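Asks:
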Amino acid sequence: MKKNCKTLALVLAVLMLAALLTGCAGGTTTPSPSASAPASEAPASTEPGGASPAESAAPAVSSLDKLLSMEDKLPLGGLQPGNLESRAAVNKALPMAKTNSDSITIGWASASQGSSFFTEMLKSAQERCDKYGYTLNYQVANFDVNAQMTQIESFLTQKVDFLVVNAVDIDATVSYYEQAVAQGIPCIVVGPTAAKAEYPLVTTVLSGSFESGYVVGEYMAEKLYKDYNGKELQVGFVISRAGDADSNSRPCGFVSGYLFKQAELNGKPYASKWDATLDGYTAWTDCRNNGTSKIDGIMDLVGYAAAGSTDANSGQTAAGDLLTAHPDMDVVMCDTDSLSPGVLQEMTQHDIIPGQDMMVICGADAAKYTLDNIKAG
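Heads up: the sequence shown begins at 10 in our numbering, then just goes up one per residue.
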């Protein structure tokens, strides 16, 4: 069906520079949110002579605290509490015995090299190693956590001086960080998921995957407000992997940002960004777990397809399934740029004109071909 949607596309650049040695199924409907009061607001006592709120009520829990306490943190990549306790007592194999004047070998365990996010990260690491005279040995797991475990074991056997892990699953590989530190090898983990405070890591370099989706959602709500206010925006998602933090965080961020900005434009703003995120989190996880989800009068999350990888061919296959099931959606969101060429190709094969019949947005990476597609409408 031709919907004559306005031409619209957006991509957010999330290119991370790593500096080494430094610190489809039944659906769920969500009522249209009431955005007038903060989730953390606690009512005061009105009983005559009653105790003050500080005496009688439990401390209010903010929406951010609620989000950070969620067991499933995959949709919240990059979110951190405002204050962190000292980790000075955690053994991190520091200080290193070697200095910059010594020969230093770094083991780099990469989750993937399937998109510019990963290739640019490794490229920047290699450039720094070349500058300082370090040796960089790297392995690529292709999102296979078992393969990454084997690769880390290999680095430990080689007795590298420093270990950097772009973790497929940071929690599944914690025992390897413990082994490394026991051998005197400091570790840094890179990715969208923060380490627990007790993990023996120097630090975690976080990518703001939720935030990149969030600003895309805000942008879309603002640009589509005239045409879609009071109308449910039908959105489908092409993601890399259902169990990956990036693939969860960008859609969750997108939905949350859209809700926040639309409420603001309607003159009924959320009390905070995180109150909107609670609704966005629920909507996205319902879609992921049940196949569909709906926020009445605002957004219909019609479904998603997981490509299994980040390359264009995988994106095309996933888009084929999604477009066949939902040919009338308004928007397809790709969680990363590298999926989008395949999505655009599949739309053409379905006689859908991208930017006219259906909008395409991307959650991250700012690849040149995506910027060219934006310019072309």
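From the three backbone atoms N, C-alpha and C, an ideal C-beta is built for every residue, glycine too. Keep in mind that this is a model prediction, so the values were computed, not measured.
In the structure shown, what three-state DSSP assignment does threonine 16 receive?
Replies: Stepping through the sequence shown from its first residue, residue 16 is reached at position 7. At threonine 16, the pLDDT of 32 sits below 50, so the modelled position is not reliable; the number obtained from the coordinates is stated separately. In the structure shown, threonine 16 sits in coil (DSSP, three-state: anything other than H, G, I, E or B).
Asks: State the beta-bridge partners of threonine 166 as determined by DSSP.
Replies: Start at 1 with the first residue of the sequence shown, and residue 166 comes out as number 157. Threonine 166 pairs with nothing; no bridge assigned.
Asks: Taking 8 Å as the limit between beta carbons, can you name the residues of its chain near methionine 367, skipping five residues before and five after?
Replies: Your numbering for residue 367 matches position 358 in the sequence shown. Closer than 8 Å at the Cβ level, and outside the excluded window around methionine 367, lie Lys12, Cys14, Met338, Asp339, Val340, Val341, Met356, Ile361.
Asks: Could you tell me how far apart the beta carbons of isoleucine 179 and threonine 202 are, in whole angstroms, since I believe they sit closer than 8 Å?
Replies: Numbered from 1 along the sequence shown, position 170 holds the residue referred to as residue 179. Numbered from 1 along the sequence shown, position 193 holds the residue referred to as residue 202. Between threonine 202 and isoleucine 179 the Cβ distance is about 5 Å, and since that is below 8 Å, they are a contact.
Asks: Can we say the segment 325-339 touches the segment 96-105, given the rule of at least three CB pairs closer than 8 Å?
Replies: No: fewer than three Cβ pairs fall under 8 Å.
Asks: Check the C-beta distance from isoleucine 399 over to serine 256 and give it rounded, since I have them as a contact under 8 Å.
Replies: What is shown of the chain runs 10 to 386, which leaves residue 399 out entirely.
Asks: Which residue from Pro195, Asn299, Leu210 puts its Cα closest to that of arginine 96?
Replies: As a working mapping, residue 96 is identified with position 87 in the sequence shown. Ranking Pro195, Asn299, Leu210 by Cα distance to arginine 96 puts Leu210 first.
Asks: Only counting the same chain, and skipping five residues up and downstream in sequence, which positions put a Cβ closer than 7 Å to that of leucine 88?
Replies: Within the sequence shown, the letter at position 79 stands for residue 88. Hits under 7 Å: Leu76, Leu77, Phe219.
Asks: Quick check: the segment 231-249 against the segment 183-197, are there 3 or more CB pairs under 8 Å?
Replies: In short, these stretches do not touch, since the Cβ pair count stays below three.
Asks: Quick check: the Cα distance between alanine 315 and tryptophan 117, rounded to an integer number of angstroms?
Replies: Reading the sequence shown from its first residue, position 306 is the one you call residue 315. Reading the sequence shown from its first residue, position 108 is the one you call residue 117. Computed Cα separation, rounded: 27 Å.
Asks: Opposite valine 70 in the DSSP bridges: which residues?
Replies: Looking up residue 70 in the sequence shown gives position 61. BP columns for valine 70 are empty, so no partner.
Asks: Do three or more CB pairs link the segment 282-293 to the segment 262-270 at distances below 8 Å?
Replies: yes
Asks: With 16 other CB atoms within 10 Å as the buried threshold, where does leucine 93 fall?
Replies: Looking up residue 93 in the sequence shown gives position 84. By the 16-neighbour rule on beta-carbons within 10 angstroms, leucine 93 is exposed.
Asks: Less than 8 Å between the CB atoms is what I'm expecting for phenylalanine 126 and alanine 321, so what's the real figure, rounded?
Replies: Sequence index remark: in the sequence shown, residue 126 carries index 117 (1-based). Sequence index remark: in the sequence shown, residue 321 carries index 312 (1-based). Going by Cβ atoms, the distance from phenylalanine 126 to alanine 321 rounds to 15 Å, so no, they are not a contact pair.
Asks: Between Met308, Tyr208, Gly217, which lies nearest to phenylalanine 246 when the distance is taken from Cα to Cα?
Replies: Your numbering for residue 246 matches position 237 in the sequence shown. Here the closest residue by C-alpha is Met308.
Asks: For valine 169, collect the residues of the same chain with a Cβ closer than 6 Å to its Cβ; drop the 5 residues on either side in sequence, then sort them by chain order.
Replies: Numbered from 1 along the sequence shown, position 160 holds the residue referred to as residue 169. So the qualifying residues of the chain are Thr114, Gly116.
Asks: Determine, using beta carbons only, whether leucine 215 and alanine 189 come nearer to each other than 8 Å.
Replies: Position 206 of the sequence shown, counted from the start, is the residue given in the question as residue 215. Position 180 of the sequence shown, counted from the start, is the residue given in the question as residue 189. Result no, Cβ atoms of leucine 215 and alanine 189 do not sit closer than 8 Å.
Asks: Please list, in chain order, all residues of the same chain as alanine 206 whose beta carbon is under 8 Å from its beta carbon, the five residues on each side excluded.
Replies: For the purposes of this step, residue 206 is taken as residue 197 along the sequence shown, with counting starting at 1. Same-chain partners within the cutoff: Leu93, Glu94, Arg96, Val99.
Asks: When you compare only the Cα positions, how much space is there between serine 72 and threonine 128?
Replies: Along the sequence shown, one-based indexing puts residue 72 at 63. Along the sequence shown, one-based indexing puts residue 128 at 119. Taking the straight line from one Cα to the other gives about 36 Å.
Asks: Name, in chain order, the residues that DSSP records as bridge partners for glutamine 148.
Replies: Here residue 148 refers to the residue found at position 139 of the sequence shown. BP columns for glutamine 148 point to Ala118.
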